[in-house]
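Shown next, in structure tokens, is the structure this report addresses.
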Amino acid sequence: MYGKGIAKGLFVTFKHFFTTYVDDIRYAGRKYLHQENFEVRQGLRPNGGAYTVMYPEEKIAVPERFRFTPFLVVEDADHPERPGEDWCTSCGICAKVCPPQCIWIVRGTNPETGRPVPQPDAFYIDTDICMNCGFCAEFCPFDAIKMDHDYEMASYDRTTVHIHDKKRLSKPVSYWKNIAPTSALEEAVSRGQWEHNDIAKAMKKAGQPTTAPTIENMWLKPEPSAKAEAPEPAAPQATAKKAAPSTDKPAETTATSGDKKPKFDKQAMLAKIREKKANKE
Amino acid sequence: MTDNAVVEQTDTNAAIAVLKEKFPDAIQDDTREGYQGIIVDKNKLVEVATAIRDELGFDYLSSATGVDYLGIGDHLEMVYHAYSTNGGPALVFKAQTPRDNAEIPSLIDVWPGADFQEREAWDLMGIRFSGHPNLKRILLWEGFNGHPLRKDWKEAYYEQDHKPFDSRWPGGHVYRAEERNVYGKNVAYPDDLDLSTLNDVSEESIYSGMGLGVSVQNLGNSEHLQTDRLIVNMGPHHPSTHGVFRMVVSLNGETIESLEPVMGYLHRNHEKIGERNTFLHNMPFTDRLDYISSMGNNHGYALAVEQLLSQGARWTPPTYRAEAIRVLMVELTRIVNHLWAIGFLLNDLGAFFTPALYAIAERERILDFFEATAGSRMMCNYMRFGGVFKDIPERIKSVANLVNDMVRDFNTMDYLTELINERLPRAVDELDQFLTDSEIIKTRTVGVGYLPPEMAIAYSAAGPLLRASGVPYDVRRADPYSIYPELDFDVAVRYNGDIYDRYLIRLDEIRESIRILKQILPRLERTHGENVFGPKQHTPRVPLGEAYGRVENPKGELGYYVVSAGDEKGPQNPWRYHVRAPSFINLTALGEMCKGHKVADVVAILGSIDIVLGETDR
Amino acid sequence: MSELDLRELNNTEFPIPADMQGNVAITSLSKLYNWSRRSSLWPMLFGLACCAIEMIATAAARYDFSRFGMEVMRASPRQSDLMIVSGTVTKKMVVPIVRLYNQMPEPKYVLAMGACASGGGPFKEGYNVVSGIDKYLPVDVYVPGCPPTPQALIYGMIALQKKIDGQSLANMDDVPWYGVGPAEPAPVPILGPDIIDPRQMDLIRRQAEMAAAGKTFAIRNLPEPIKVEKAAPKAAAAKAAVAATDDPAKAERLRKREEALARKRAAQGQNAPAAEPAGEAPTPAQAAPVAEAAPAEQGGKPKFDKEAMMAKIRAKKANKG
Ligand code: SF4
Ligand code: SF4
Ligand code: SF4
């Protein structure tokens with residue numbers, strides 16, 4: 048019969064149309080902006096239905112290995128030994144492996160002796176050329192350059208902001224541990240410790256043992272050596288521990304402004320993570 | 005529906021012996037280190053090629069490309085790879101010509117599929133093909149200065165012959181290339197360039213080949229309607245050209261008299277850049293060829309370079325797990341691509357967006373897995389020489405970073421198992437139910453755009469286009485690579501050679517891919533924990549020689565012709581890096597397929613070839 | 005719309021102070037205008053390269069930019085407001101792109117999607133690639149990334165909507181299409197031996213003459229490298245500059261500026277910037293309660309205060325619990 052095939056096809060369309068509403072009813076009121084349903088909607092559940100992500104109000108968090116533009120890893124601001132210092136040793140490997148050659152590095156030199164020092168004087172990445180390939184992060188021998196997860200980078204004027212200089216590129220190592228805990232752990236394991244190789248070397252010299260990295264000691268800082276100034280004590284653990292059970296995070300931060308990027312707050316993040324762990328135990 | 009039988013494979017060495025006997029003066033072995041095949045005297049090229057096709061059974065010309073050996077042999081060389089559609093390895097033959105006044109006889113009469121490839125070689129390499137009826141530039145515009153793939157041609161932003169550039173480190177003061185070189189110092193304007201009368205000549209030549217002498221057709225009888233021949237330009241901005249493709253169609257009424265594809269609107273100089281790059285640098289660039297199936301592109305390139313690397317010392321082939329993961333990725337990619345192709349074929353037919361939306365919905369599920377494994381939805385950059393980038397993660401897990409981020413956390417193997425065993429089969433069945441029997445689709449597609457099997461072979465068509473015409477040629481079976489020999493699947497074949505069959509064959513191939521994937525899953529479980537990385541080097545030492553790595557990409561046979569001329573210590577860059585792009589070569593037959601059809605069918609025929617412009621124009 | 009003179013909106017019966025004229029009606033009208041404009045941006049169905057695939061994915065069900073009033077993708081430039089330049093712009097393609105842009109009715113916006121359209125992208129060094137569409141067309145928003153994920157693209161579109169929101173009908177720079185006379189079309193480049201921008205015709209002519217005369221041309225000096233910005237304290241940097249410069253006029257200027265800054269600081273009293281010598285700055289103990297009470301008062305960016313933050317977090321938790 049002519050038209051049977053079309054009817055069969057239209058039935059499929061109707062089924063899709065219908066399941067959308069089934070969904071609305073099943074998750075009455077909690078269909079969107081809700082962690083509980085989000086995973087279901089973005090997974091492989093059988094019945095189809097609408098699965099739209101209501102960006103800016105809800106965003107798909109990107110997986111750990113996601114790569115956007117690179118950033119440079121620096122020590123945390125409260126690191127006892129070398130606060131805010133680069134992990135990068137300006138060895139130049141990333142500049143060599145970068146396929147479109149968009150990394151520019153000025154190797155650091157000691158102003159007195161003129162000898163190269165293991166720290167870049169300047170580091171640029173032209174995001175107008177970068178192809179987000181991740182080679183720089185893959186081949187950096189010091190784990191000093193990593194791929195960022197922050198894709199919200201639209202701008203009105205490229206001439207001023209699209210060449211990222213060292214200041215713009217630098218992000219603390221705790222940021223990396225936060226956005227990619229598994230990868231960070233893997234890398235630390237292959238390095239042998241959580242800290243940068245230089246510190247590990249110094250510690251070995253001083254006779255301090257380095258601890259093997261595990262997920263538990265991820266956030267512990269090394270004991271400051273005697274000559275370093277005493278740092279501020281870390282955030283009080285006790286307070287974090289006795290806090291209320293954790294609600295899911297997005298609900299907590301569901302603010303009105305989806306467009307404004309959160310200021311990265313390491314301490315708060317730390318507290319949260321510790322607290323989460325405490326809850327698990 | 006399927007045809008698994010690989011009839012007796014043609015033996016290359018025996019074939020060369022026969023040829024030598026027949027043309028004792030015209031043929032030499034290629035004795036350069038790492039090279040294979042024969043060098044044919046260019047004056048005898050057509051005769052030899054005819055013999056290769058007719059007497060030796062190498063009836064399928066896969067690739068024809070030029071190489072500039074400036075400083076090595078100081079000649080230009082055309083390299084041809086001919087295969088037999090019964091399967092088996094290639095017969096490689098070459099013809100050489102001096103760099104000045106480079107001229108080689110055209111093989112278009114032997115293999116019409118050489119048409120575009122020869123035009124490309126003329127455009128980029130400056131080899132003139134005597135006997136080619138329509139030898140004009142194909143990727144660049146008429147009037148462009150020089151032939152860019154010659155080794156002594158330098159682009160405007162030229163910096164150095166090879167990457168890595170010295171200016172990046174240790175004194176890497178940043179600059180933008182255009183600031184340094186505003187008006188292109190390597191562009192030589194001809195002395196007689198008269199700017200006051202300067203206008204585009206690039207358009208004129210496009211029409212000149214179409215034989216538009218007659219403007220009014222007198223049909224003999226004045227009582228008949230008099231019709232004008234009409235030229236219609238479709239593209240480069242046209243919603244159904246899948247990018248920036250252009251067709252110049254000459255119409256008689258609504259009927260197509262001739263059609264000429266015009267391309268190059270996305271010519272991104274892949275090969276020139278590829279020769280400046282190191283071997284590794286090219287890997288992410290291959291993602292951007294057929295940007296819908298980047299995993300497949302990676303695989304082909306990795307195979308080509310691994311062929312070279314395997315000649316050297318210190319080579320360890322990929323582990324079994326690495327191979328299994330590669331096949332997993334490539335087959336998922338095939339599904340992604342075919343879903344996309346079907347969706348957009350229907351778009352072109354006028355079913356605006358609904359089928360495409362359903363197809364994209366399934367695609368997103370696969371992309372989620374790619375994103376978690378390789379780091380990017382589209383530009384996977386996943387394969388490395390001797391392995392893959394990283395093992396499949398334990399969990400597909402995201403971490404909240406931005407405001408309002410919602411996290412997901414799945415076990416990867418569970419996700420894959422459900423995807424492959426439940427979700428995808430259901431999706432294919434649904435598409436099948438949705439579209440296959442629809443009378444509208446049948447009316448629009450059955451019998452339209454017919455491509456007979458002999459013609460498909462002659463035009464070097466590949467992939468679903470070839471197999472829908474009844475030629476069961478699939479590189480995975482004909483010239484097996486990776487772990488395909490031990491996998492159980494059929495080569496999908498359809499015999500009508502029209503749009504409808506090309507649609508059906510894509511459904512078939514999705515089903516076959518799912519069948520392969522189901523076999524891959526237990527292999528992944530079994531090899532859990534095995535190492536998947538190759539040696540972690542960024543500049544592997546690549547031995548001298550040439551290699552042609554080819555894979556069955558979703559769009560057809562994707563081949564990489566790579567020549568390594570650097571020695572162990574020199575710069576590790578490919579001397580020649582050529583991509584045999586299925587989308588590009590499949591278009592050769594477009595004009596023939598469209599002739600005599602209505603103009604509305606052109607978009608459908610084009611959609612059924614399934615081109616992607618990144619690969620067509622490179 | 006062309007006959008409507010916006011100034012007439014101010015011809016009310018009520019007297020409007022001279023400095024208010026041109027503001028009152030127009031601001032509210034601008035709001036309405038901007039709202040309607042930004043909520044019905046129709047993008048052109050126009051894909052160039054890989055980024056176009058992500059653009060289509062953005063248009064598809066999962067990301068669905070029709071939630072922003074952009075559902076109607078038009079293939080015809082005559083019906084579209086927004087050109088998403090999604091992919092590599094080649095020299096061959098830029099000619100049609102400029103023509104398409106000229107055919108779009110005003111108001112029109114351009115969004116450069118991806119590294120390629122913004123500034124050349126990975127293929128920039130190629131001989132057939134244009135280093136950014138902004139060499140030929142005015143671009144409103146750049147979305148970097150290769151390719152930008154659909155979410156990044158939507159973020160860029162929201163940025164464009166914001167930009168539209170910020171426009172004012174009273175300002176002719178914002179809405180040039182209500183100016184006098186027809187708009188100037190963007191000049192269409194010509195494909196010669198290489199691409200030729202008509203705006204550079206004179207330059208090229210001179211170069212051709214020089215080439216004929218056998219002179220070298222078009223080799224520009226390297227631009228100054230972009231300097232790294234050291235996050236040094238401002239005052240210290242300025243002082244260092246005073247010491248370092250040997251141009252007396254410049255030294256004088258810097259000195260004056262220093263003085264002015266010092267006066268300003270004195271006027272602000274307690275709220276000295278963080279760069280001040282330690283003696284004058286409030287001790288941490290003093291600062292903490294201030295921070296808790298009104299961190300915004302602290303003049304510029306408040307220093308991060310861990311205690312206060314923890315307290316806040318605790319408070320939040322307590323409220324929730
Ligand atoms: S490879 Fe790593 S350590 Fe070396 S220059 Fe690059 S970022 Fe720095
Ligand atoms: S991601 Fe790739 S292109 Fe970008 S800076 Fe790193 S190596 Fe270069
Ligand atoms: S920015 Fe990257 S993804 Fe986009 S068009 Fe350019 S190469 Fe392709």
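Protein chains in written order, with the working numbering: chain F, 48 to 328; chain Y, 5 to 622; chain A, 5 to 325.
The beta carbon of each residue, even a glycine, is placed where N, CA and C say it ideally should be.
Would you identify the three-state DSSP class for residue i, choosing helix, strand or coil?
i, result
"P539 (chain Y)", "coil"
"P578 (chain Y)", "strand"
"F115 (chain F)", "coil"
"Q107 (chain A)", "helix"
"Q523 (chain Y)", "helix"
"Y305 (chain Y)", "helix"
"W223 (chain F)", "helix"
"M87 (chain A)", "strand"
"G305 (chain F)", "Confidence is the limiting factor: at G305 (chain F) the pLDDT is only 38, short of 50, which leaves the residue's position unreliable and the question unanswerable from this model."
Do you know whose CA, among the options, lies nearest residue i's CA?
i, options, result
"T259 (chain Y)", "Y:G595, Y:V616, Y:E534", "Y:G595"
"T358 (chain Y)", "F:Y49, F:K51, F:G52, F:F64", "F:F64"
"A363 (chain Y)", "Y:L435, Y:N425, Y:Q311", "Y:L435"
"P109 (chain A)", "A:R66, A:R82, A:P148", "A:R82"
"A360 (chain Y)", "A:V76, A:L36, A:A53, A:A65", "A:A65"
"L371 (chain Y)", "Y:I339, Y:A460, Y:E426, Y:V475", "Y:I339"
"Y565 (chain Y)", "Y:E550, Y:D395, Y:N577, Y:H285", "Y:E550"
Give the range of the alpha helix (DSSP H) segment to which residue i is assigned.
i, result
"P154 (chain A)", "154 to 169"
"E264 (chain Y)", "Element bounds for E264 (chain Y): not the alpha helix (DSSP H) but the beta strand (DSSP E), 259 to 266."
"G347 (chain Y)", "324 to 353"
"L23 (chain Y)", "16 to 26"
"R448 (chain Y)", "443 to 449"
Please classify residue i as buried or exposed, where buried requires at least 16 other C-beta atoms within 10 Å of its C-beta.
i, result
"P47 (chain A)", "buried"
"T449 (chain Y)", "buried"
"F118 (chain F)", "buried"
"R203 (chain A)", "exposed"
"D206 (chain A)", "exposed"
"R430 (chain Y)", "exposed"
"H243 (chain F)", "buried"
"K599 (chain Y)", "exposed"
"A282 (chain F)", "Residue confidence is low: A282 (chain F) scores 41 on pLDDT, short of 50, so the model does not pin down where it sits. Its coordinate-derived value is still stated next. Label assigned to A282 (chain F): buried."
Flag residue i as yes if its beta-carbon sits less than 8 angstroms from any beta-carbon of chain A, otherwise no.
i, result
"G611 (chain Y)", "no"
"G354 (chain Y)", "no"
"P146 (chain F)", "yes"
"A551 (chain Y)", "no"
"F186 (chain F)", "no"
"E105 (chain F)", "no"
"Y269 (chain Y)", "yes"
At what residues does the beta strand (DSSP E) containing residue i begin and finish?
i, result
"R369 (chain Y)", "First-last for R369 (chain Y): 358 to 378, but that is the alpha helix (DSSP H), not the beta strand (DSSP E)."
"T69 (chain Y)", "64 to 72"
Taking only beta-carbon positions, decide if residue i is within less than 8 angstroms of chain D.
i, result
"P197 (chain A)", "Here the protein chains are F, Y and A, and chain D is not one of them."
Within 8 angstroms (strictly less), CB to CB, does residue i reach chain F?
i, result
"R369 (chain Y)", "yes"
"C55 (chain A)", "no"
"H542 (chain Y)", "yes"
"S90 (chain A)", "no"
Should residue i be flagged as near chain Y, meaning a C-beta pair shorter than 8 angstroms?
i, result
"P283 (chain F)", "Model confidence at P283 (chain F) stands at a pLDDT of 40, short of 50, so the residue's coordinates are unreliable; what they give is reported in the following sentence. So no, P283 (chain F) is outside the interface."
"T62 (chain A)", "no"
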